[in-house]
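As structure tokens, the structure follows; a few thoughts come after it.
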Amino acid sequence: MSDKSQKTERAERLSVFKTYKLYVGGKFPRSESGRVYEVTDSKGNWLANAPLSSRKDARDAVVAARKAFGVWSGATAYNRGQILYRVAEMLEGRRDQFVREVADAEGLSPAKAKSNAAKAAAVVDATIDRWVWYAGWTDKIAQVVGGGNPVAGPYFNLSSPEPTGVVAVLAPQESSFLGLVSVVAPVIATGNTAVVVASEKSPLPALSLAEVLATSDLPGGVVNVLSGRTAEIAAPLAAHQDVNAIDLAGADDVLAKELEIAAADNLKRVLRPQPVDEAGWSATPGLDRMTAFLETKTVWHPTGSLGVSGSSY
Amino acid sequence: MASVFEYAPAPESRSIVDIAPSYGLFIDGEFVDAADGKVFKTVSPSTEEALSEIAQAGAEDVDRAVKAARKAFEKWSALPGSERAKYLFRIARIIQERSRELAVLETLDNGKPIKETRDADLPLVAAHFFYYAGWADKLGHAGFGANPQPLGVAGQVIPWNFPLLMLAWKIAPALATGNTVVLKPAETTPLSALFFADICRQAGLPKGVVNILPGYGDTGAAVVAHPDVNKVAFTGSTAVGKEIARTVAGTRKKVTLELGGKGANIVFDDAPIDQAVEGIVNGIFFNQGQVCCAGSRLLVQESIQDELLDSLKRRLSTLRLGDPLDKNTDIGAINSAEQLSRITSLVELGEAEGAERWSPECELPSSGYWFAPTLFTKVTQAHTVARDEIFGPVLSVLTFRTPDEAVAKANNTPYGLSAGVWTEKGSRILAVANKLRAGVIWSNTFNKFDPASPFGGYKESGFGREGGRHGLEAYLDV
Numbered sequence: 001m002s003d004k005s006q007k008t009e010r011a012e013r014l015s016v017f018k019t020y021k022l023y024v025g026g027k028f029p030r031s032e033s034g035r036v037y038e039v040t041d042s043k044g045n046w047l048a049n050a051p052l053s054s055r056k057d058a059r060d061a062v063v064a065a066r067k068a069f070g071v072w073s074g075a076t077a078y079n080r081g082q083i084l085y086r087v088a089e090m091l092e093g094r095r096d097q098f099v100r101e102v103a104d105a106e107g108l109s110p111a112k113a114k115s116n117a118a119k120a121a122a123v124v125d126a127t128i129d130r131w132v133w134y135a136g137w138t139d140k141i142a143q144v145v146g147g148g149n150p151v152a153g154p155y156f157n158l159s160s161p162e163p164t165g166v167v168a169v170l171a172p173q174e175s176s177f178l179g180l181v182s183v184v185a186p187v188i189a190t191g192n193t194a195v196v197v198a199s200e201k202s203p204l205p206a207l208s209l210a211e212v213l214a215t216s217d218l219p220g221g222v223v224n225v226l227s228g229r230t231a232e233i234a235a236p237l238a239a240h241q242d243v244n245a246i247d248l249a250g251a252d253d254v255l256a257k258e259l260e261i262a263a264a265d266n267l268k269r270v271l272r273p274q275p276v277d278e279a280g281w282s283a284t285p286g287l288d289r290m291t292a293f294l295e296t297k298t299v300w301h302p303t304g305s306l307g308v309s310g311s312s313y
Numbered sequence: 001m002a003s004v005f006e007y008a009p010a011p012e013s014r015s016i017v018d019i020a021p022s023y024g025l026f027i028d029g030e031f032v033d034a035a036d037g038k039v040f041k042t043v044s045p046s047t048e049e050a051l052s053e054i055a056q057a058g059a060e061d062v063d064r065a066v067k068a069a070r071k072a073f074e075k076w077s078a079l080p081g082s083e084r085a086k087y088l089f090r091i092a093r094i095i096q097e098r099s100r101e102l103a104v105l106e107t108l109d110n111g112k113p114i115k116e117t118r119d120a121d122l123p124l125v126a127a128h129f130f131y132y133a134g135w136a137d138k139l140g141h142a143g144f145g146a147n148p149q150p151l152g153v154a155g156q157v158i159p160w161n162f163p164l165l166m167l168a169w170k171i172a173p174a175l176a177t178g179n180t181v182v183l184k185p186a187e188t189t190p191l192s193a194l195f196f197a198d199i200c201r202q203a204g205l206p207k208g209v210v211n212i213l214p215g216y217g218d219t220g221a222a223v224v225a226h227p228d229v230n231k232v233a234f235t236g237s238t239a240v241g242k243e244i245a246r247t248v249a250g251t252r253k254k255v256t257l258e259l260g261g262k263g264a265n266i267v268f269d270d271a272p273i274d275q276a277v278e279g280i281v282n283g284i285f286f287n288q289g290q291v292c293c294a295g296s297r298l299l300v301q302e303s304i305q306d307e308l309l310d311s312l313k314r315r316l317s318t319l320r321l322g323d324p325l326d327k328n329t330d331i332g333a334i335n336s337a338e339q340l341s342r343i344t345s346l347v348e349l350g351e352a353e354g355a356e357r358w359s360p361e362c363e364l365p366s367s368g369y370w371f372a373p374t375l376f377t378k379v380t381q382a383h384t385v386a387r388d389e390i391f392g393p394v395l396s397v398l399t400f401r402t403p404d405e406a407v408a409k410a411n412n413t414p415y416g417l418s419a420g421v422w423t424e425k426g427s428r429i430l431a432v433a434n435k436l437r438a439g440v441i442w443s444n445t446f447n448k449f450d451p452a453s454p455f456g457g458y459k460e461s462g463f464g465r466e467g468g469r470h471g472l473e474a475y476l477d478v
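If you read the sequences in order, they're chains D and H. Numbering of the first sequence is given in the numbering used here, commencing with residue 1 and proceeding in unit increments. Numbering of the second sequence is given in the numbering used here, commencing with residue 1 and proceeding in unit increments.
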């Protein structure tokens with residue numbers, strides 16, 4: 001968006017602005033409240049008017065996420081991996097757009113390539129690679145965290161991880177794209193559906209990510225993206241009885257505590273905020289962000305065998 | 001229905017257990033009085049006999065115990081895993097050696113039949129210590145990185161339904177991973193935990209590694225809220241679990257909660273009826289139904305309802321209720337007067353709401369807390385007895401026609417701890433188990449436990465898993 005303010009010789013042509021919209025249930029609605037707020041770049045220049053989501057938008061997003069949960073959690077892990085990889089393909093195609101948006105949002109200049117080490121481009125590359133990393137996990141996580149248990153008796157039992165359900169994700173405030181993808185991808189890679197609250201100050205990469213998701217075979221409702229005031233949208237999500245878990249990455253300590261208390265009402269799984277800087281988001285993640293939103297189901301069955309004693313029934 | 005056989009009494013001797021007239025708190029390797037001198041009595045639920053007087057821990061005692069545990073943590077966590085393992089193996093062996101004594105003790109204090117303490121509780125208690133003993137020097141292989149670290153002081157609050165087993169579930173993984181513990185047993189069943197303190201002494205466990213603080217809910221709340229506790233583990237009611245989740249909000253305390261349930265036991269028309277009946281009986285009448293993963297909702301396919309209920313009623317008529325120390329007893333006493341009144345009022349509510357109540361002919365002893373095995377038919381999903389956890393020997397029977405309906409009804413509760421599936425068709429077992437939102441699914445069996453198997457709930461049945469490799473995660477910095 002920054003090029004609209006540049007005065008060039010070709011100034012006769014006005015660039016076309018984009019109306020940024022929410023992403024809910026696979027559609028791009030405006031906020032039902034009709035509100036928007038000003039998004040500026042790191043220097044304070046106007047970039048766009050982003051939707052200022054309301055409580056109703058949050059509730060609509062939960063309904064959409066719940067509706068999508070059956071389809072998405074029921075898809076094969078192989079299929080989920082294919083779709084996630086497809087997202088990475090689409091991201092790669094829109095790489096330049098994201099470099100621009102991240103540069104605006106985080107003040108990382110892509111132009112000063114040598115002096116600034118092409119930081120925005122590096123962030124976007126890392127983000128795409130992060131997405132690919134998670135795409136590859138969908139059909140491996142069950143093998144790594146599940147398994148067969150050697151019980152002392154004529155039974156076998158198997159433990160398998162299952163998605164916990166609808167996860168409210170408060171995206172990190174400072175890392176508008178790498179941080180965002182680092183918290184969204186693990187949630188859906190494991191079969192959950194997500195209601196994502198974008199960085200309050202820098203929501204545009206998140207809203208553009210939604211456009212990528214919409215064209216990547218990802219069923220509508222699997223990821224829902226809301227922009228606005230984090231505290232305002234997060235409160236009804238933390239209290240919502242049909243939300244199963246909440247990732248508090250984008251909340252400060254005071255808000256995080258409030259939300260954790262609200263989340264106790266239906267015993268949501270809570271991932272507390274961990275202090276992470278941009279370098280932290282760059283580090284290869286462990287499994288924590290995936291296992292935080294997984295349940296373990298253990299299924300028992302008689303074997304009919306009583307082991308080496310030779311008896312059976 | 002008259003019982004088929006009359007059995008001569010076969011009582012287990014209680015002389016094997018020597019209960020002292022009073023017990024202190026176990027802090028830093030010593031039995032001590034409560035700071036404010038408070039005591040309470042623990043009562044045998046089958047006779048209402050006062051068994052012993054127990055020191056009641058207050059906030060000051062909690063603080064003392066946490067300090068002792070913190071001090072002990074330094075050395076305990078620094079021990080090589082192989083050394084911690086040996087302490088746990090010692091404990092496991094001593095439990096095996098003293099298992100008859102502990103079984104009798106548990107039956108006296110809890111009211112459950114000796115058949116269960118002897119054949120279920122105690123073998124599992126020893127097995128948990130053996131299982132986690134072996135992990136202590138293999139944590140690098142558990143899948144949490146090369147060198148996962150303990151959290152520090154674990155504050156643990158356990159219920160009265162499986163006093164010693166829940167202690168084992170909590171203490172064994174905590175010690176194996178290098179944490180030290182402050183454990184609060186339930187006020188109605190403190191004795192086996194205090195006997196466990198003596199086992200720690202016999203095993204030569206360093207002072208302060210295990211601290212036992214009997215008391216009521218406020219004692220547990222003080223343990224959970226203590227600022228120097230790093231990890232909270234709780235098994236008990238969902239209401240208290242939510243309170244604990246609020247208490248730890250905004251702190252760095254790691255928490256695991258094992259809470260209530262309203263397990264569905266689903267019987268399809270092709271199920272082996274006799275085996276299913278045994279599973280249903282075990283699912284809801286094991287430990288008088290005072291089990292969080294009890295199969296308290298029977299979902300039976302409509303076409304076999306009559307046949308199944310006939311068999312079930314016939315089977316219930318052969319259950320023997322009475323002296324828990326009698327080896328022939330199937331159904332023991334309800335743990336406390338308070339729990340008995342909760343069961344009674346929920347059952348009365350069930351009748352008032354129009355469900356049909358049935359119990360076998362059953363003479364209840366004149367003293368103690370007793371409730372006859374009870375079955376509700378004509379139950380709908382809206383009935384309180386189909387929704388609320390009763391935590392007693394009360395089974396609600398609902399019907400279904402299709403597998404989809406069975407799954408929908410089974411999942412239609414805020415809980416998600418356990419479920420049972422009975423059918424001869426393997427593909428149906430897998431398909432249904434896959435759709436059930438519960439942490440433990442028993443197919444053609446029920447109420448099986450094993451230390452190598454993760455146990456824990458979905459939804460409002462809590463979070464975290466106990467048992468298996470998964471059970472280590474709760475006590476490691478991962």
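Don't be surprised by glycine CBs; every beta carbon is placed ideally from N, CA and C.
In the structure shown, what three-state DSSP assignment does ARG94(D) receive? coil
Within 8 Å, do at least three Cβ pairs link the stretch 133–149 of chain D to the stretch 110–118 of chain H? no
Give the residues from the stretch 115–131 of chain H that approach chain D closer than 8 Å (Cβ to any Cβ), ordered along the chain. ALA127
Chain A beta carbons: is any one of them nearer than 9 Å to that of GLY250(H)? In the structure shown, chain A cannot be found, because the protein chains are D and H.
Per-residue DSSP class, three states only, for TYR458(H): coil
Under DSSP, the beta strand (DSSP E) around ALA120(D) begins and ends at which residues? Run containing ALA120(D): none in the beta strand (DSSP E); it sits in the alpha helix (DSSP H), 119–135.
Going along the chain, which residues of the stretch 209–238 of chain H sit with their C-beta nearer than 9 Å to a C-beta in chain D? THR238
If you count every other CB in all the chains shown that lies within 10 Å of the CB of SER192(H), and 16 or more means buried, which is it? buried
CB of ALA171(D) within 9 Å of CB of GLY250(D), strictly: yes
LYS18(D) in three-state terms, based on DSSP: coil
With DSSP collapsed to three states, give me the class of LYS435(H). In the three-state reduction of the DSSP assignment, LYS435(H) falls in the helix class.
Pairwise C-alpha distance: VAL277(H) and MET1(H): Note that MET1(H) has pLDDT 45, beneath the 50 cutoff, so the model's placement of it is unreliable and no number is given.
Same chain only: Cβ atoms within 7 Å of ALA68(D), ignoring 5 sequence neighbours per side: Correct list, in chain order: THR193, PRO219, GLY220, GLY221, VAL222.
Can you find the residues in the same chain that come closer than 8 Å, C-beta to C-beta, to TYR7(H), ignoring five residues on each side of it along the sequence? Answer for TYR7(H): ARG320, ASN328, listed in chain order.
Can you tell me which of the three DSSP states ARG491(H) falls into? No information on residue 491(H) is available, as it lies outside the stretch 1 to 478 that chain H covers here.
For ASN157(D), which residues of its own chain have a beta-carbon under 8 Å away from its beta-carbon, when the five flanking residues on both sides are left out? GLY148, ASN149, VAL151, THR298, VAL299, TRP300, HIS301
Just list the beta strand (DSSP E) runs in the stretch 202–279 of chain D, keeping only unbroken ones of 3 residues or longer that don't cross its boundaries, in chain order. 223–226, 245–247, 269–271
What whole-angstrom Cβ distance do ALA142(H) and ALA92(H) have, given they're in contact under 8 Å? Their Cβ separation, rounded to whole angstroms, is 19 Å, which puts ALA142(H) and ALA92(H) out of contact at 8 Å.
Using a Cβ distance threshold of 8 Å, determine whether the stretch 128–145 of chain H contacts the stretch 197–207 of chain H, with at least three qualifying pairs required. no
Taking a cut of 9 Å between CB atoms, which residues from the stretch 456–472 of chain H lie near chain D? GLY456, GLY457, TYR458, LYS459, GLU460, SER461, GLY462, PHE463, ARG465, GLY467, GLY468, ARG469, HIS470
Give the secondary structure of ALA85(H) by DSSP, where H, G and I count as helix, E and B as strand, and everything else as coil. helix
Contained alpha helix (DSSP H) runs [length at least 4] in the stretch 238–274 of chain H, N- to C-terminal order: Under the rule that a run must span 4 or more residues, the alpha helix (DSSP H) segments found entirely inside the stretch 238–274 of chain H read 238–248.
Flag THR298(D) as yes if its beta-carbon sits less than 9 Å from any beta-carbon of chain H, otherwise no. yes
According to the neighbour-count rule (16 or more other Cβ atoms, all chains shown, within 10 Å of its Cβ), is ARG100(D) buried or exposed? buried
CA-CA distance, LEU164(H) and ALA386(H)? 30 Å
Let me make sure I understand the geometry here. Which of LYS448(H), TRP169(H), PHE463(H), VAL379(H) has the alpha-carbon closest to that of LEU299(H)? For the residues LYS448(H), TRP169(H), PHE463(H), VAL379(H), the minimum Cα distance to LEU299(H) belongs to VAL379(H).
Output needed in chain order: residues of the stretch 438–449 of chain H with a Cβ under 8 Å from some Cβ in chain D. ALA438, GLY439, VAL440, ILE441, TRP442, SER443, ASN444, THR445, LYS448
Would you call the stretch 362–380 of chain H and the stretch 414–430 of chain H in contact, with 3 or more CB pairs under 8 Å? no
Could you spell out where the alpha helix (DSSP H) holding GLN339(H) opens and where it closes? That run of the alpha helix (DSSP H) goes 337–352.
Using the C-alpha atoms, what's the distance from GLU89(D) back to GLY220(H)? C-alpha separation (whole angstroms): 53 Å.
Quick one: does LEU267(D) have its CB under 9 Å from some CB of chain H? yes
Cross-chain neighbours of ASP150(D) in chain H, by beta carbon under 8 Å: Reading the sequence as shown, one finds Pro at residue 150(D) and not Asp. Per Cβ cutoff of 8 Å: ALA452.
For the stretch 172–188 of chain H, which residues have a CB atom closer than 7 Å to at least one CB atom of chain D, in sequence order? For chain D, none of the residues of the stretch 172–188 of chain H brings a beta carbon within less than 7 Å of one of its beta carbons.
State the beta-bridge partners of GLN301(H) as determined by DSSP. PHE400(H)
Boundaries of the alpha helix (DSSP H) in which GLN381(H) is found, first to last residue: GLN381(H) -> no alpha helix (DSSP H), and no H or E assigned at all.
Give a yes or no on whether the minimum CB-CB distance between ALA256(D) and chain H is below 9 Å. yes
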